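**Q** For the sequence shown, the working numbering begins at 547 and goes up steadily by one.
Each residue gets a CB set at the ideal place from its N, CA and C atoms; glycine is no exception.
Remember, it's a predicted structure, so these values are computed and weren't measured experimentally.
Dropping the structure in here first, questions after.
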Amino acid sequence: MHGRARIARLMLESEYRSDIINAKSNDGWTPLHVAAHYGRDSFVRLLLEFKAEVDPLSDKGTTPLQLAIIRERSSCVKILLDHNANIDIQNGFLLRYAVIKSNHSYCRMFLQRGADTNLGRLEDGQTPLHLSALRDDVLCAQMLYNYGADTNTRNYEGQTPLAVSISISGSSRPCLDFLQEVTRQPRNLQDLCRIKIRQCIGLQNLKLLDELPIAKVMKDYLKHKFDDI
547 MHGRARIARL MLESEYRSDI INAKSNDGWT PLHVAAHYGR DSFVRLLLEF
597 KAEVDPLSDK GTTPLQLAII RERSSCVKIL LDHNANIDIQ NGFLLRYAVI
647 KSNHSYCRMF LQRGADTNLG RLEDGQTPLH LSALRDDVLC AQMLYNYGAD
697 TNTRNYEGQT PLAVSISISG SSRPCLDFLQ EVTRQPRNLQ DLCRIKIRQC
747 IGLQNLKLLD ELPIAKVMKD YLKHKFDDI
């Protein structure tokens with residue numbers, strides 16, 4: 547592996563770098579797609595070091611970050627996110643995918659990185675919170691709500707997440723109980739301010755929260771470090 551990485555570095559240091567680094571295969575995959583798909587951390591870092599395009603689209607509209615997530619290459623996912631890969635690609639596919647798979651660690655990671663909680667699927671308008679209700683996944687629902695998911699958003703059938711949860715059969719539905727509770731009462735001003743501040747800072751600048759001239763306890767609050775889920 548180290549020998550291959552050295553060869554790759556020599557190629558990228560050569561005069562042919564511009565012809566190589568974002569070259570596409572017959573299906574539109576770049577070297578970064580391949581490295582992310584197979585979980586080759588060192589190659590992902592190397593390609594990004596030499597300024598490979600971080601969000602190239604394959605012929606099917608897939609980015610390296612999507613491949614890394616689908617293949618559960620968690621270290622590659624973190625590297626790509628650290629290099630500002632688009633976490634909201636395909637209208638929020640990644641967060642919805644994490645919810646559908648009940649992958650709470652990915653869900654938390656994406657939310658901490660600033661993923662938009664209210665982007666719906668183009669085909670049916672289902673947001674991540676709708677999908678959490680559909681799966682009766684109360685942990686995902688709680689995380690999404692804490693990061694600003696709108697309980698009043700409607701899918702293309704006019705259903706809110708609560709309405710989706712009500713439509714599901716079953717005697718024990720913790721997600722239903724949670725959604726009924728948060729829908730009845732408005733968010734407190736403190737939480738509304740946190741949501742707005744994070745939105746104003748912007749997706750790519752959340753990593754700069756530590757540079758804000760405010761007390762550490764406020765920075766930790768903005769980063770959701772006091773969340774108990």
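What are the complete alpha helix (DSSP H) segments, minimum 4 residues, inside the segment 710 to 767?
**A** Runs of the alpha helix (DSSP H) inside the segment 710 to 767: 720 to 730 and 735 to 747.
**Q** Applying the criterion that 16 or more other CB atoms from any shown protein chain within 10 Å of the CB defines a buried residue, is R552 buried or exposed?
**A** The sequence position of residue 552 within the sequence shown is 6, counting from 1. When all chains shown are included, R552 counts as exposed.
**Q** Does the pairing of the segment 735 to 746 with the segment 699 to 707 give three or more beta-carbon distances under 8 Å?
**A** Short answer: they don't touch.
**Q** Quick check on M547: buried or exposed, where buried means 16 or more other Cβ atoms within 10 Å of its Cβ?
**A** Walking along the sequence shown from the start, residue 547 turns up at place 1. For M547, the predicted structure reports a pLDDT of 48, less than 50, and the residue's modelled location is therefore unreliable. The matter cannot be settled from this model.
**Q** My guess is that T673 and A695 are in contact by the Cβ rule of under 8 Å, so how many angstroms apart are they, rounded?
**A** In the sequence shown, the residue the question calls residue 673 occupies position 127. In the sequence shown, the residue the question calls residue 695 occupies position 149. Indeed they touch by this definition, with Cβ atoms about 7 Å apart.
**Q** Quick check on DSSP: helix, strand or coil for L594?
**A** Taking the sequence shown and counting its residues from 1, the one referred to as residue 594 is at position 48. The answer is helix: DSSP assigns L594 an H, G or I state.
**Q** Assuming K765 and D756 form a contact by the criterion Cβ under 8 Å, report the distance between their Cβ atoms to the nearest whole angstrom.
**A** As a working mapping, residue 765 is identified with position 219 in the sequence shown. As a working mapping, residue 756 is identified with position 210 in the sequence shown. The Cβ separation is near 6 Å, so the contact holds.
**Q** Which residue wins for smallest C-alpha separation from S651, given the options P577, W575 and E618?
**A** Taking the sequence shown and counting its residues from 1, one reaches residue 651 at position 105. Checked all of P577, W575 and E618; the closest Cα to S651 is E618.
**Q** In this structure, how does DSSP classify S571 when only helix, strand and coil are distinguished?
**A** Against the sequence shown, residue 571 aligns to sequence position 25. Correct three-state label for S571: coil.
**Q** Contact check, S641 vs A661 under 8 Å by CB: the rounded distance?
**A** Taking the sequence shown and counting its residues from 1, one reaches residue 641 at position 95. Taking the sequence shown and counting its residues from 1, one reaches residue 661 at position 115. The sequence shown places Leu at residue 641, rather than the Ser named in the question. 5 Å between Cβ atoms; contact.
**Q** With distances taken Cα to Cα, identify the nearest neighbour of L668 among Q636, Q688 and D682.
**A** One-based indexing of the sequence shown puts residue 668 at position 122. With distances taken between Cα atoms, L668 lies closest to Q636.
**Q** Could you work out which residue in L680, Y693 and P720 is closest to K742 when comparing CA atoms only?
**A** Here the question's residue 742 lines up with position 196 in the sequence shown. Per the Cα distances, Y693.
**Q** Work out the CA separation of A598 and F589 for me, nearest whole Å.
**A** Taking the sequence shown and counting its residues from 1, one reaches residue 589 at position 43. Taking the sequence shown and counting its residues from 1, one reaches residue 598 at position 52. Cα to Cα, the separation comes out at about 11 Å.
**Q** Go through the segment 614 to 660 residue by residue and report every complete run of the alpha helix (DSSP H) that reaches 4 residues or more, in order.
**A** Runs of the alpha helix (DSSP H) inside the segment 614 to 660: 620 to 628, 635 to 646 and 650 to 658.
**Q** Measuring CB to CB, does S604 end up less than 7 Å from G638?
**A** By one-based count along the sequence shown, residue 604 stands at place 58. By one-based count along the sequence shown, residue 638 stands at place 92. No. Outside cutoff.
**Q** Roughly how many angstroms lie between the CA atoms of R563 and P602, to the nearest whole one?
**A** Reading the sequence shown from its first residue, position 17 is the one you call residue 563. Reading the sequence shown from its first residue, position 56 is the one you call residue 602. One C-alpha to the other measures close to 17 Å.
**Q** Nearest CA to the CA of I646: which residue from D723, Y584, Q731 and A687?
**A** Counting from 1 along the sequence shown, the entry for residue 646 is found at position 100. Out of D723, Y584, Q731 and A687, A687 has the C-alpha closest to the C-alpha of I646.
**Q** Which whole-angstrom value is the C-beta distance of L578 and I566, which I expect to be below 8 Å?
**A** As a first step, residue 578 is located in the sequence shown; it is residue number 32 there, counting from the start. As a first step, residue 566 is located in the sequence shown; it is residue number 20 there, counting from the start. Not really, about 12 Å apart at Cβ, beyond 8 Å.
**Q** What's the C-alpha gap between I712 and L665?
**A** Taking the sequence shown and counting its residues from 1, the one referred to as residue 712 is at position 166. Taking the sequence shown and counting its residues from 1, the one referred to as residue 665 is at position 119. Between I712 and L665, the C-alpha separation is close to 22 Å.
**Q** Starting from the C-beta of F724, find all residues in its chain whose C-beta is less than 7 Å away, skip the five residues before and the five after it, and write them out in chain order.
**A** Within the sequence shown, residue 724 is the residue found at index 178, counting from 1. Cβ neighbours of F724 beyond the five flanking positions: V684, A687 and Q688.
**Q** What span of residues does the alpha helix (DSSP H) with V580 cover, start to end?
**A** Numbered from 1 along the sequence shown, position 34 holds the residue referred to as residue 580. Counting along the chain, the alpha helix (DSSP H) containing V580 begins and ends at P577 to H583.
**Q** Grab the span of the alpha helix (DSSP H) containing H676 for me, first residue to last.
**A** To locate residue 676, count along the sequence shown from 1; it is residue 130. It spans P674 to R681 - the alpha helix (DSSP H) in which H676 sits, taken as one unbroken run.
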